[in-house]
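**Student:**
Protein chains in written order, with the working numbering: chain A, 1 to 155; chain B, 1001 to 1155.
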């Protein structure tokens, strides 16, 4: 069975995110999948995604934490409702707050792995805790507080 | 007098950051300047820097908070030493932690303004507090804990 990334279940009207929207032709196309109770995102930065030479740009790492976090929040909310991501109504989350701790410089070159666990689901809010690894070494820790998109979003 | 952005004083070997390095041809070229005791960064996102349509991608907003924070930290450290940014030795900071609160969706289109104040300078650590405004409305708040690059960075 080939699993489909969480982000490919987003409604088309909400699939233009620069980080993870599959309809954004300039974007990063971040993708997330379940592996048991953890969700995983694998991403190889481009050579120009540099901080100081040899290491990955912190803003890109924050983007990975961010989009993997909102994707995991959506997937967890479906799970909590006991239904799959291809069922209606769609659930889509945005970031209320983002925290990133840069434990050590992240080497630029290898594929990175972001692993997330769901810390709390409360009403429309989901807290996601994340670790970013390079060659098995934890370089970054992050936390996303995600909230389900309100009907009046941006009005 | 035309002032030069903080980031243009970075040593060439440390000026390749995807967010703010003027030598990164693919990057955002984030620039920061003093305006009295506050530092200011102005940036107009590209049309494809979208979250959900009509609003700015949160990962880009985090990048603005990040690079404006480390730039402000460097500028503040020179000020604290009573010298200008064109004097030796150079001071360059990296992010130890980044926190971003998304208060409301940030409209995509207008120029954004990030305003920062220096909260604390202690040893090699500088804490920078930031507000991001769109048309004068505060959309994002952020805090960066920046540390001066250690001599053994990345070893």
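C-beta atoms are modelled at their ideal positions from N, C-alpha and C, and glycine is treated no differently.
Only a predicted model underlies this, so the values are computations on that prediction, with no experimental measurement involved.
If I'm right that residue 68(A) touches residue 39(A) with Cβ under 8 Å, what's the distance once you round it to whole angstroms?
**Tutor:** That pair is a contact at about 7 Å.
**Student:** Along the segment 1083–1096 of chain B, what residues have a CB closer than 9 Å to any CB found in chain A?
**Tutor:** Cβ contacts with chain A come from 1092, 1094, 1095 and 1096.
**Student:** Three-state secondary structure (DSSP) at residue 1010(B)?
**Tutor:** Residue 1010(B) falls in the coil class under three-state DSSP.
**Student:** Any Cβ of chain B within less than 8 Å of the Cβ of residue 110(A)?
**Tutor:** No, residue 110(A) does not count as interfacial toward chain B.
**Student:** Specify, as a first and last residue, the run of the alpha helix (DSSP H) that residue 70(A) falls within.
**Tutor:** Counting along the chain, the alpha helix (DSSP H) containing residue 70(A) begins and ends at 58–80.
**Student:** Helix, strand or coil: how does DSSP classify residue 1136(B) here?
**Tutor:** DSSP places residue 1136(B) in coil when its eight states are reduced to three.
**Student:** List, in chain order, every chain A residue whose beta-carbon is nearer than 8 Å to that of residue 1041(B).
**Tutor:** The contacting residues do not exist; residue 1041(B) stays about 13 Å from chain A at best.
**Student:** Does the Cβ-Cβ distance between residue 118(A) and residue 62(A) come in under 8 Å?
**Tutor:** Cβ atoms of residue 118(A) and residue 62(A): not closer than 8 Å.
**Student:** Are the CB atoms of residue 151(A) and residue 142(A) within a distance shorter than 8 Å?
**Tutor:** The answer is no: Cβ separation not under 8 Å.
**Student:** For residue 92(A) and residue 149(A), which I take to be in contact (beta-carbon distance under 8 Å), what is that distance rounded to the nearest angstrom?
**Tutor:** The Cβ separation is near 5 Å, so the contact holds.
**Student:** Answer yes or no: does any C-beta atom of chain B fall closer than 8 Å to that of residue 19(A)?
**Tutor:** Cβ-Cβ to chain B under 8 Å: yes for residue 19(A).
**Student:** Are the C-beta of residue 68(A) and some C-beta of chain B separated by less than 8 Å?
**Tutor:** No, residue 68(A) lies away from the interface with chain B (no Cβ there is under 8 Å from its Cβ).
**Student:** Across the segment 1105–1116 of chain B and the segment 1048–1061 of chain B, are there enough close Cβ pairs to call them in contact, namely three or more that are closer than 8 Å?
**Tutor:** Yes, the segment 1105–1116 of chain B touches the segment 1048–1061 of chain B.
**Student:** Verify whether the separation of the beta carbon atoms of residue 1101(B) and residue 1127(B) is less than 8 Å.
**Tutor:** No, they are not a contact pair.
**Student:** Could you work out which residues of chain A lie near residue 1063(B), taking near to mean beta carbons separated by less than 9 Å?
**Tutor:** Per Cβ cutoff of 9 Å: 57, 58, 59, 60, 62 and 63.
**Student:** Beta carbon of residue 1072(B), beta carbon of residue 1094(B): below 8 Å?
**Tutor:** No, they are not a contact pair.
**Student:** Determine, for residue 53(A), whether the minimum Cβ-Cβ distance to residues of chain B falls below 8 Å.
**Tutor:** Yes, residue 53(A) counts as interfacial toward chain B.
**Student:** Which residues mark the beginning and the end of the beta strand (DSSP E) in which residue 112(A) is found?
**Tutor:** Segment 112–122, the beta strand (DSSP E) holding residue 112(A).
**Student:** Is the CB-CB distance between residue 23(A) and residue 43(A) below 8 Å?
**Tutor:** Cβ atoms of residue 23(A) and residue 43(A): not closer than 8 Å.
**Student:** Is residue 1050(B) closer than 8 Å to residue 41(A) when the C-beta atoms are compared?
**Tutor:** For residue 41(A) and residue 1050(B), no; Cβs fall outside 8 Å.
**Student:** Using the beta-carbon of each residue, which ones in chain B are nearer than 9 Å to residue 99(A)?
**Tutor:** Going along chain B in sequence order, the residues near residue 99(A) (Cβ under 9 Å) are 1097, 1098, 1099 and 1100.
**Student:** Looking at the secondary structure, which residues open and close the beta strand (DSSP E) in which residue 31(A) lies?
**Tutor:** It is not in any beta strand (DSSP E) - residue 31(A) carries neither H nor E in the DSSP assignment.
**Student:** Pick helix, strand or coil for residue 19(A), following the three-state DSSP scheme.
**Tutor:** In the structure shown, residue 19(A) sits in coil (DSSP, three-state: anything other than H, G, I, E or B).
**Student:** Expressed to the nearest angstrom, what Euclidean distance is found between the alpha-carbon atoms of residue 30(A) and residue 88(A)?
**Tutor:** Those two C-alpha atoms are separated by around 23 Å.
**Student:** Please classify residue 28(A) as buried or exposed, where buried requires at least 16 neighbouring CB atoms within 10 angstroms.
**Tutor:** Buried: at least 16 other Cβ atoms inside 10 Å.
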